[in-house]
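A.B. asks: Protein chains in written order, with this note's numbering: chain A, 1456 to 1602; chain W, 1456 to 1602. I have a structure I would like to understand better, so I am pasting it below and will then ask my questions one at a time.
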DNA sequence: ATGGCTGCAAAAGTTTTGCACTTCT
DNA sequence: AGAAGTGCAAAACTTTTGCAGCCAT
């Protein structure tokens, strides 16, 4: 099984203590999401996975996306679509800017979001575990096209 | 038809020029969303609508949610659920903080988000039309319960 | 060996669509 | 008349679940 290199030793222990196993399918899914820049929808993960392991089932993809999410290895995003998107959890928080003209998604980092997080946590008495900033607009090309 | 008071004169004109009509069902749906603080899922709008107009159909609710969204009168939110939520478009931008323990949703205002919007617009060459900040965490009560 | 994992098929849940009919302008 | 809206039923889509057998630890 080609699981080596995908998970750090620490993460492997974490999985074990959660009673989870690293199977071929799980490693494959994690690998697919890791290698793609950006974010994939469940069915995109599925079709990419089938290219490498034709027998894999869609339920397995969904179950593993849930498992990896719960483990904190991947992040689930909610765009305007009706379905979810997934990406590896980045070490540095980043956010998304979606073009309403062409659907392009641009990632951006922002220190302000950390400040915002602390401010709200204090004000509302919450222990904040995550921030997701989602902007919509029109990219440079789409603006030009509209004129 | 009890449409008066729900839409400003300006908004009525806006609808007209978009080729839209203000029907009883549309006014009802807009009224329901306006009166509720917070955010409703489509099926909640549906069941509230049926209390006042038993014959209304679910498709009408969905079609009108789309229409009102396109018009910019309501806003579609994407939480972790599999379905969408709707709220009236507020005059002052506000965001959402969801408790992972009990599901409670707290709204908050934040000037930083405006600053962030301008910064990103400049950096990325986008014309930004909207920002949505979504935080997750644990509320004060759920934190206490966990200890 | 035992408890998690998989594939398959079926189910569940949300949202969309086709169609004939009605309603507004 | 012509365009938009509605209700109903059916369809489309994404996601979840039950189950029997399989596999990692």
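Where a beta carbon is used, it is the ideal one built from N, C-alpha and C, also for glycine. The model shown is predicted, which means the values in this text are computed figures rather than measured ones.
1) Hey, is residue 1535 of chain W's beta-carbon within less than 9 Å of any beta-carbon in chain A?
2) Taking Cβ-Cβ distances below 9 Å as the criterion, which residues of the segment 1566-1590 of chain A are in contact with chain W?
3) Any idea which residues DSSP pairs residue 1554 of chain W with across the strands?
4) Using the beta-carbon count (16 or more within 10 Å), is residue 1540 of chain A buried or exposed?
5) By the criterion of Cβ-Cβ separation under 8 Å, what are the contact partners of residue 1561 of chain A in chain W?
6) How about residue 1504 of chain A and residue 1511 of chain A: are their beta carbons less than 9 Å apart?
7) Per DSSP, what are the beta-bridge partners of residue 1529 of chain W in this structure?
8) Relative to the alpha-carbon of residue 1544 of chain A, which residue among A/1593, A/1579, A/1555, A/1527 has its alpha-carbon at the smallest distance?
9) Once the 5 residues before and after residue 1557 of chain W are set aside, which same chain residues still bring their CB inside 6 Å of it?
10) Near residue 1471 of chain A, which residues of its chain fall below 8 Å by C-beta distance, leaving aside the five closest residues on each side in sequence?
11) DSSP on residue 1456 of chain W, reduced to helix/strand/coil?
12) Output needed for residue 1507 of chain W: all residues of its chain with C-beta closer than 7 Å, excluding positions within five of it in sequence on either side, in chain order.
13) Does any CB atom of chain W fall closer than 9 Å to the CB of residue 1456 of chain A?
C.D. replies: A quick look at the data gives this:
1) By 1-based counting over the second chain, the position of residue 1535 of chain W is 80. Yes - at least one Cβ of chain A is within 9 Å of the one on residue 1535 of chain W.
2) 1567, 1568, 1570, 1571, 1572, 1574, 1575, 1576, 1578, 1579, 1580, 1581, 1582, 1583, 1584, 1585, 1586, 1587, 1588, 1589, 1590
3) Taking the second chain and counting its residues from 1, the one referred to as residue 1554 of chain W is at position 99. The partner list for residue 1554 of chain W (beta bridge, DSSP) reads W/1592.
4) Residue numbering aside, residue 1540 of chain A sits at position 85 when the first chain is read from its first letter. Buried: at least 16 other Cβ atoms inside 10 Å.
5) Within the first chain, numbered from 1, the residue matching residue 1561 of chain A stands at position 106. Under the 8 Å cutoff, chain W gives 1579, 1581.
6) Position 49 of the first chain holds residue 1504 of chain A. Position 56 of the first chain holds residue 1511 of chain A. Yes, the Cβ-Cβ distance between residue 1504 of chain A and residue 1511 of chain A is below 9 Å.
7) By 1-based counting over the second chain, the position of residue 1529 of chain W is 74. Per DSSP, W/1543.
8) In the first chain, counting from the first residue as 1, residue 1544 of chain A sits at position 89. The residue with the shortest Cα to Cα distance from residue 1544 of chain A is A/1527.
9) If you number the second chain from 1, residue 1557 of chain W lands on position 102. The beta carbon of residue 1557 of chain W sits closer than 6 Å to the beta carbons of 1597 from its chain, once the five residues preceding and following it are set aside; these are given in chain order.
10) By one-based count along the first chain, residue 1471 of chain A stands at place 16. Same-chain partners within the cutoff: there are none.
11) On the second chain, position 1 is the one that residue 1456 of chain W refers to. Any reading at residue 1456 of chain W must be qualified, since the residue scores a pLDDT of 41, below 50, and its modelled position is unreliable; no value is offered.
12) If you number the second chain from 1, residue 1507 of chain W lands on position 52. Contacts found: 1483.
13) Numbered from its first residue, the first chain carries residue 1456 of chain A at position 1. The pLDDT assigned to residue 1456 of chain A is 40, lower than 50, so where the model puts this residue is not dependable, and the model offers no usable value.
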